[in-house]
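*Asks:* For reference, the structure I am asking about is given below.
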Amino acid sequence: METQELYDQPFRELLEEDGGLPGVAELQTLFAEGSYVEAVEPPSWGELSADLASIQQDRHNDYTRRALMRMPVLLRQLHGALEASSTEEEREHAYRMLARAYGNTAQLTYRFGWFSLASSGLDRMEQTAAFSGQPLLSAHALQQRALILLSHAAYDTAQQLVQRSLDLIPVDPRDENSVALSGSAHLRGAMIAARDRNKTRAEEHLQEAARFGDMVGHESTTYDTNFGPGNVEIHRVAVALETGDPGQAARLGSQIRIPGDVKATRVGHHWQDVARAWTLSGDYAAVLKALDSARRVAPQQTRYHPHVHETVHAIAAAQRRSSGTLAHFSAWLGIKH
């Protein structure tokens, strides 16, 4: 049994009801081709960059299925651009774009619970980043790998990768790239420590992340980190939840003001965490309010996320009679009581 099946992911029946998940079969074929990926003729560099930016924007704005559908063609075009490169500068540029595209592929497939595909995407990201001329891309890949290991409860190795990522980043307070990547690494480390129930270490990572967040002063998009003060506060709530203080997580999570530049999927995940926290605290009206907030900002992510399904099942089990609001939300999730 694969890890995603333990988490009841992906929700294949629900996805099929919604039209399936275009792109997954094509990605499976592409990864199976190994080092013999069938390249296609690429458009201009400008068009390739615009397509990658558009897919990344779709991922952040909760159009994940559309982004995933577009990714296989872009990857083959980028391999075509690599084959057509005639100078070292062009080759490095192609490798940088491939590393970023494979990193996005990993995050897209991870979101739908395809952990094996996400791991394959990270393999390719690491391979291409090594030839990109940008060591920070390798640092970013290590952070993404740590997230995959978090899902496998491999906490020690995940923390080692966070530290290796930090070791690759020459911190310069004037360089947003290094500051945002360092802060992002510490947020990853905080979540790993929290899941491992190491509250002291999680707080240490949060303190460092807050320091880097103050340096940035906004939600940075550099290296696809989306790191900044708002993201630090969101992670503070998640750490409280994972380290066994759902009451604090629920109160803090409901009260914080999330900056407008935080991405939709990150905000949606926050409200999912708040809903879990209120569930553990026994305030079911607050749970549904938080779930409605999650659905409003990131409906696709909310519909398919296992924690949301677990939360709704928990409310239904705790209440003798299902409220109309709960029944309506359950029906939207495809849950039949």
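The numbering of the sequence shown is the working numbering, which starts it at 94 and goes up by one. In this text, a Cβ means the ideal position worked out from N, Cα and C, and glycines have one as well. Nothing here was measured: the structure is a model prediction, and the numbers come from that model.
Use the C-beta contact count for threonine 180: other C-beta atoms within 10 angstroms, 16 or more gives buried, fewer gives exposed.
*Replies:* Your numbering for residue 180 matches position 87 in the sequence shown. With fewer than 16 Cβ atoms within 10 Å of its Cβ, threonine 180 is classed as exposed.
*Asks:* Considering only residues of the same chain and omitting the five flanking positions on each side of alanine 368, which have a CB-CB separation below 6 Å?
*Replies:* Here residue 368 refers to the residue found at position 275 of the sequence shown. Answer for alanine 368: Val380, Ala383, Leu384 and Thr404, listed in chain order.
*Asks:* Pick helix, strand or coil for leucine 108, following the three-state DSSP scheme.
*Replies:* On the sequence shown, position 15 is the one that residue 108 refers to. The answer is helix: DSSP assigns leucine 108 an H, G or I state.
*Asks:* Decide if histidine 326 is buried, meaning its Cβ has at least 16 other Cβ atoms within 10 Å, or exposed.
*Replies:* Here residue 326 refers to the residue found at position 233 of the sequence shown. Looking at the sequence provided, one finds glutamate at residue 326 rather than histidine. Classification for glutamate 326: buried.
*Asks:* So, glycine 276 versus phenylalanine 305, is the Cβ gap smaller than 8 Å?
*Replies:* Walking along the sequence shown from the start, residue 276 turns up at place 183. Walking along the sequence shown from the start, residue 305 turns up at place 212. Yes; because the gap between Cβ atoms is below 8 Å, this pair is in contact.
*Asks:* Identify which residue in Ala234, Glu269 and Leu243 has its Cα closest to the Cα of serine 258.
*Replies:* Within the sequence shown, numbered from 1, the residue matching residue 258 stands at position 165. For the residues Ala234, Glu269 and Leu243, the minimum Cα distance to serine 258 belongs to Ala234.
*Asks:* Classify arginine 389 as buried or exposed, calling it buried when 16 or more other Cβ atoms lie within 10 Å of its own Cβ.
*Replies:* Mapped onto the sequence shown, residue 389 falls at position 296. Per the 10 Å Cβ criterion, exposed.
*Asks:* Just reading off the alpha helix (DSSP H) that glutamine 170 is part of, what are its end residues?
*Replies:* Translated into positions along the sequence shown, residue 170 becomes position 77. Note, glutamine 170: alpha helix (DSSP H), 157-177.
*Asks:* Starting from tyrosine 188, follow the alpha helix (DSSP H) in both directions and report where the run begins and ends.
*Replies:* Looking up residue 188 in the sequence shown gives position 95. Unbroken alpha helix (DSSP H) run through tyrosine 188: 181-204.
*Asks:* Might you give, ordered along the chain, the residues of its own chain that have their beta carbon closer than 7 Å to the beta carbon of leucine 145, omitting 5 neighbours on each side?
*Replies:* The residue you call residue 145 lines up with position 52 of the sequence shown. Excluding positions up to five away in sequence, the list reads Leu167, Met190, Arg193 and Ala194.
*Asks:* Within the same chain, show all residues whose beta-carbon is closer than 6 Å to that of tyrosine 100, passing over the 5 residues directly before and after it, in chain order.
*Replies:* As a first step, residue 100 is located in the sequence shown; it is residue number 7 there, counting from the start. Annotation note: pLDDT 43 at tyrosine 100 (below 50); position unreliable, coordinate value reported separately. Pro399.
*Asks:* Which residues mark the beginning and the end of the alpha helix (DSSP H) in which leucine 235 is found?
*Replies:* As a working note, residue 235 is residue 142 in the sequence shown. 228-244 is the extent of the alpha helix (DSSP H) around leucine 235.
*Asks:* Give me, in chain order, the residues of the same chain whose beta-carbon lies closer than 7 Å to that of isoleucine 408; leave out the 5 immediate sequence neighbours on both sides.
*Replies:* Working through the sequence shown from its first residue, we reach residue 408 at position 315. Cβ neighbours of isoleucine 408 beyond the five flanking positions: Thr372, Tyr377, Val380 and Leu419.
*Asks:* List the endpoints of the continuous alpha helix (DSSP H) containing alanine 250.
*Replies:* Working through the sequence shown from its first residue, we reach residue 250 at position 157. The sequence given here places threonine at residue 250; alanine does not occur at that position. Its alpha helix (DSSP H) spans residues 248-260.
*Asks:* Alpha carbon to alpha carbon, how far is valine 355 from glycine 323?
*Replies:* By one-based count along the sequence shown, residue 355 stands at place 262. By one-based count along the sequence shown, residue 323 stands at place 230. Taking the straight line joining both Cα atoms gives about 7 Å.
*Asks:* What number of angstroms, rounded off, separates the C-alpha of threonine 96 from the C-alpha of glutamate 269?
*Replies:* Locating residue 96 in the sequence shown gives position 3, counting from the first residue. Locating residue 269 in the sequence shown gives position 176, counting from the first residue. Residue placement at threonine 96 cannot be trusted, given a pLDDT of 43 that sits under 50; the coordinates are not used to answer.
*Asks:* DSSP three-state label for phenylalanine 305, please.
*Replies:* Position 212 of the sequence shown, counted from the start, is the residue given in the question as residue 305. Phenylalanine 305: helix per DSSP, three-state reduction.
*Asks:* Assign aspartate 265 to one of two classes, buried (16 or more other C-beta atoms within 10 Å of its C-beta) or exposed (fewer than that).
*Replies:* Residue 265 sits at position 172 when you count from the first residue of the sequence shown. Exposed, by the Cβ-count rule.
*Asks:* Who pairs with phenylalanine 422 in a beta bridge, going by DSSP?
*Replies:* Counting from 1 along the sequence shown, the entry for residue 422 is found at position 329. Bridge partners of phenylalanine 422: none, in fact.
*Asks:* Would you give the residue range spanned by the alpha helix (DSSP H) that alanine 333 belongs to?
*Replies:* Here residue 333 is taken as the residue at index 240 of the sequence shown, counted from 1. From DSSP, the alpha helix (DSSP H) with alanine 333 extends over 322-335.
*Asks:* Using only the alpha-carbon positions, how far apart do asparagine 154 and alanine 391 sit?
*Replies:* Taking the sequence shown and counting its residues from 1, the one referred to as residue 154 is at position 61. Taking the sequence shown and counting its residues from 1, the one referred to as residue 391 is at position 298. So the alpha carbons of these two residues sit roughly 8 Å apart.
*Asks:* Determine which residues share a DSSP beta bridge with serine 313 and list them.
*Replies:* Counted from its first residue, the sequence shown places residue 313 at position 220. DSSP output for serine 313 lists Phe320 as bridge partner(s).
*Asks:* Would you please state the rounded distance, in angstroms, between the beta carbons of leucine 114 and leucine 161? I believe it to be under 8 Å.
*Replies:* Position 21 of the sequence shown, counted from the start, is the residue given in the question as residue 114. Position 68 of the sequence shown, counted from the start, is the residue given in the question as residue 161. That belief holds up - the Cβ atoms of leucine 114 and leucine 161 are roughly 7 Å apart, short of 8 Å.
*Asks:* For the alpha helix (DSSP H) containing leucine 210, list its first residue and its last residue.
*Replies:* Here residue 210 refers to the residue found at position 117 when the sequence shown is read from its first residue. That run of the alpha helix (DSSP H) goes 208-222.
*Asks:* Would you call the segment 237-244 and the segment 208-216 touching, i.e. three or more CB-CB distances under 8 Å?
*Replies:* As far as the Cβ criterion goes, the segment 237-244 touches the segment 208-216, which means the pair count is three or higher.
*Asks:* Answer yes or no: do leucine 45 and arginine 152 have a C-beta to C-beta separation smaller than 8 Å?
*Replies:* Nothing can be reported for residue 45, as the shown portion of the chain is limited to 94 through 430.
*Asks:* Quick check on the DSSP output: the alpha helix (DSSP H) that includes leucine 381 runs from which residue to which?
*Replies:* Residue numbering aside, residue 381 sits at position 288 when the sequence shown is read from its first letter. Segment 377-390, the alpha helix (DSSP H) holding leucine 381.
*Asks:* Under DSSP, the alpha helix (DSSP H) around proline 82 begins and ends at which residues?
*Replies:* With the chain covering only 94 through 430, there is no way to say anything about residue 82.
*Asks:* So what does DSSP say about serine 128, is it helix, strand or coil?
*Replies:* Taking the sequence shown and counting its residues from 1, the one referred to as residue 128 is at position 35. Of the three classes helix, strand and coil, the one that applies to serine 128 here is coil, per DSSP.
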